[in-house]
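Per the working numbering, the very first residue in the sequence shown carries number 88; after that it's consecutive.
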Amino acid sequence: MRWICLSLPIMAATVVSWAFCPESSIAQAPSATAYKETISGTKVAFEMLPIPGGKFAMGTADSETGRSPDEGPRHEVELKPFWMGKCEVTWDEFDAYWKSEDQPQVRGDEPAALKADAITRPTPAYADETFGHGRDDNPVICITHHTAMEYCRWLSRKTGKWYRLPTEAEWEYACRAGTTTAYSFGDDKAKLGEHAWFADNSEELAHKVGKKKPNPWGLHDMHGNVMEWCVDHYEKDAYARFAMGKLSVRPVLVPSEKRFSHVARGGSWADKPEFLRSGARRGSDKSWIRLDPQRPQSIWWLTSAEFVGFRIVRPADEQPELVNIRSKVTKQSP
Ligand SMILES: [Ca+2]
C-alpha cells in the first residue's frame, strides 16, 4: 500500500521531503514525508518521521540473551503506516500543555459526546517535577499514562491532527526498524553507548533528546534515555493472546480505567543493557508512585518514576478500537 496521507494538509508545518528506504526486506518502501510542526502560540516544534506499513516478528527468540518470558511467543504482526516522533516528548513540548490554560478548539472529526469535554491538565507537582534531571530539550519524566494520554488529546486539538501513544506493536516495529537482533544496531551490547543513555553512561540522569545515533529509520533514543509509554494495558502473557499461528493485524490491548499496569518500552538511563533490547517489555506498578505523599495519590505524576516518558505517533489510518481513544482513569480509579 502506498502512503495514503501524502495529500493530507500539513498545517503550520515545515515539510521536509524525504526519501524513505527502510532496510527491512519485509517492510514496504514508500516515499513519504517527514514534517516538523510548531505548536501554535509557542516557539516549540517537534519532528515526525514516516514509518512504512509492513509485517514483522514481534517478540524475541528463546535464545536471545537477557530475554524474559513475557517477550514470547514470537508472532507475526502486520501494521499500517504511521508517523512517529523522531525524539521523546520534551519538557518544552509538555510545558506548552500543562502550563497553559487555553482550551484548543475541538477537532471537526470528534464525536459530539467528546466535543463538550474540556482538556484536563496536571495539578502542580508536589516537588520539582524534573527531579533535577534538566528541562531544556530533556524528555518529560515522572508523568502517568493518563497524563501522556491527555497530552495527546490536547495536541490533537491544538494541531488538528490525531496524535496518540504508540501501540506496543507499533513501538517495537519502529524500534526494530527491520532488524531482528537484540538491538536495532545488532546484538553487541558493547556498542550500546553509541546509541543510548543507560546505566553505564548516564551518570544517573536523563539526557537531552537526540544526542545519540538514531536507529535505521531515523528515530533517536528508542533504546534508553527514558522508557516510553505505549497505549496498551500490560499483561505478561499478552502475546499468547495474539499468537495462534496466525498473522496478528494491528494488535492492541486497549487500556481500561485501572491506573496500573501499562506498557513502557525501551528501557531507560537507569537500566542495564538487557532492559534496552528491542523486545524487552515493562509494565508499570505501584512502586512507581510510592513516594507520592498525597492522598489520594496523583493521577498525573509518578513521583518515583524518573525513568519514564513517552513519544507520540500519528496513524495514517486509525484502527477502529483506537478512534478518539482517551484515558478512562479518574481519581476514583483503582
Ligand atoms: Ca527512550
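Note that CB positions come from ideal geometry on N, CA and C, so glycine has one too.
In this text, all values refer to a predicted model and were calculated from it rather than measured experimentally.
**Study point:** Given Arg-369 as reference, the closest of Arg-382, Lys-359, Ser-348, Pro-383 once Cα atoms are compared
**Key:** Taking the Cα of Arg-369 as reference, the smallest distance to any Cα among Arg-382, Lys-359, Ser-348, Pro-383 is reached at Ser-348.
Review point. Which runs of the alpha helix (DSSP H), 4 residues or longer, sit entirely within the segment 239-307?
Key: The qualifying runs are 255-263, 279-282.
Point to revise | Enclosing beta strand (DSSP E) for Glu-180 [first to last residue] | key: Following the DSSP letters along the chain, one finds Glu-180 in no beta strand (DSSP E) but inside the alpha helix (DSSP H) bounded by residues 178-185.
Practice item. Could you give the DSSP three-state label for Tyr-321: helix, strand or coil? Key: The DSSP-derived three-state label of Tyr-321 is coil.
**Study point:** Residue span of the beta strand (DSSP E) that contains Leu-363, given as start and end
**Key:** Here Leu-363 belongs to no beta strand (DSSP E), and DSSP marks it neither H nor E.
Point to revise | Cβ shell of Thr-152 (< 8 angstroms), same chain only, five flanking positions each side left out | key: Closer than 8 angstroms at Cβ, skipping near neighbours: Ala-269, Asp-274, Glu-361.
Check your understanding: Does any heavy atom of ligand 1 sit closer than 7 angstroms to the C-beta of Met-314?
Key -> Checking the Cβ of Met-314 against ligand 1 gives yes.
Point to revise | Member of Lys-276, Lys-299, Ala-119, Ser-150 whose CA lies at the smallest distance from the CA of His-282 | key: Of Lys-276, Lys-299, Ala-119, Ser-150, the residue nearest in Cα terms is Lys-299.
Check your understanding: Around the C-beta of Pro-407, are 16 or more other C-beta atoms found within 10 angstroms, so that it is buried, or is it exposed?
Key -> By the neighbour-count criterion, in which 16 or more other beta carbons inside 10 Å mark a residue as buried, Pro-407 falls on the exposed side.
**Study point:** His-162, enclosing beta strand (DSSP E) - first and last residue
**Key:** Start and end: 162-166.
Review point. Is there at least one non-hydrogen atom of ligand 1 closer than 7 angstroms to the beta-carbon of Gly-311?
Key: Yes, the beta carbon of Gly-311 sits closer than 7 angstroms to at least one heavy atom of ligand 1.
Review point. If you drop the 5 nearest sequence neighbours on each side, which residues of the same chain put their C-beta closer than 7 angstroms to that of Ala-148?
Key: Closer than 7 angstroms at the Cβ level, and outside the excluded window around Ala-148, lie Arg-161.
Review point. Of the choices Thr-120, Val-131, Leu-340, whose alpha-carbon is the least far from that of Ile-138?
Key: Comparing Cα-Cα distances from Ile-138 to each of Thr-120, Val-131, Leu-340, the minimum goes to Thr-120.
Point to revise | Start-to-end residues for the beta strand (DSSP E) that takes in Phe-133 | key: Where Phe-133 is concerned, the enclosing beta strand (DSSP E) stretches over 132-138.
Review point. Any chance the CB of Asp-308 is under 7 angstroms from a heavy atom of ligand 1?
Key: Within the cutoff, so yes.
**Study point:** Contact set for Leu-292: own chain, Cβ-Cβ below 6 angstroms, skip 5 residues either direction
**Key:** So the list reads His-220, once near-sequence residues are dropped.
Check your understanding: In terms of DSSP beta bridges, what is Glu-315 paired with?
Key -> Its beta-bridge partners are Arg-352, Gly-396.
Review point. Taking just the CA atoms, how far does Val-395 sit from His-320?
Key: Distance from the CA of His-320 to the CA of Val-395, rounded to the nearest whole angstrom, comes to 16 angstroms.
Check your understanding: Beta carbon of Gly-280: closer than 7 angstroms to some heavy atom of ligand 1?
Key -> Flag unset: Cβ of Gly-280 not near ligand 1.
Point to revise | Buried versus exposed, by CB contacts within 10 Å (16 or more), Ser-371 | key: The C-beta of Ser-371 has 16 or more other C-beta atoms within 10 Å across all chains shown, which makes the residue buried.
Point to revise | For Ser-374, the three-state DSSP class (helix, strand or coil) | key: Ser-374 falls in the helix class under three-state DSSP.
Point to revise | Cβ neighbour criterion (16 or more within 10 Å) applied to Ile-91 | key: Its pLDDT being 32, under 50, Ile-91 is placed unreliably in this model, and the value from its coordinates should be taken loosely. Around the beta-carbon of Ile-91, fewer than 16 other beta-carbon atoms lie within 10 Å, marking it exposed.
Review point. With 16 as the cutoff for other CB atoms within 10 Å, does Asp-157 come out buried or exposed?
Key: Its Cβ being crowded by 16 or more others within 10 Å, Asp-157 is buried.
Point to revise | 8 angstroms CB neighbourhood of Tyr-250 in its chain, flanking five on each side removed | key: For Tyr-250, the CB contacts under 8 angstroms within the same chain, skipping 5 residues up- and downstream, are Cys-239, Leu-242, Ser-243, Ile-399, Val-400, Arg-401 in chain order.
Check your understanding: How big is the Cα-Cα spacing for Trp-356 and Arg-222?
Key -> In this structure, the alpha-carbon of Trp-356 lies about 16 angstroms from that of Arg-222.
Review point. Can you give the beta carbon distance from Ser-365 to Ser-271, rounded, assuming they're within the 8 angstroms contact cut?
Key: With a Cβ gap of about 6 angstroms, Ser-365 and Ser-271 count as contacting.
Review point. Just the Cα atoms here: how many angstroms apart are His-310 and Pro-226?
Key: Their Cα atoms are separated by approximately 14 angstroms.
**Study point:** Close-in-space but distant-in-sequence residues of the same chain around Val-341 (CB under 6 angstroms, 5 per side omitted)
**Key:** Taking Val-341 as the centre and dropping the five residues before and after it, the same chain places the C-beta of Glu-408 closer than 6 angstroms to its C-beta, in chain order.
Practice item. Measure the C-alpha to C-alpha separation of Ala-367 and Gly-353 and round it to an integer number of angstroms. Key: Each residue's Cα considered, the two are about 7 angstroms apart.
Exercise for review: Grab the span of the beta strand (DSSP E) containing Lys-142 for me, first residue to last.
Suggested key: Boundaries of the beta strand (DSSP E) harbouring Lys-142: 141-145, taken from the DSSP string.
Review point. Closest to Ala-205 by CA distance: which of Thr-129, Pro-253, Gln-192, Ile-386 is it?
Key: The closest CA to that of Ala-205, considering only Thr-129, Pro-253, Gln-192, Ile-386, is found on Gln-192.
Review point. On the premise that Val-176 lies in contact with Pro-253, defined as a C-beta separation below 8 angstroms, what is that separation, rounded to the nearest angstrom?
Key: About 12 angstroms separates the two Cβ atoms, so there is no contact after all.
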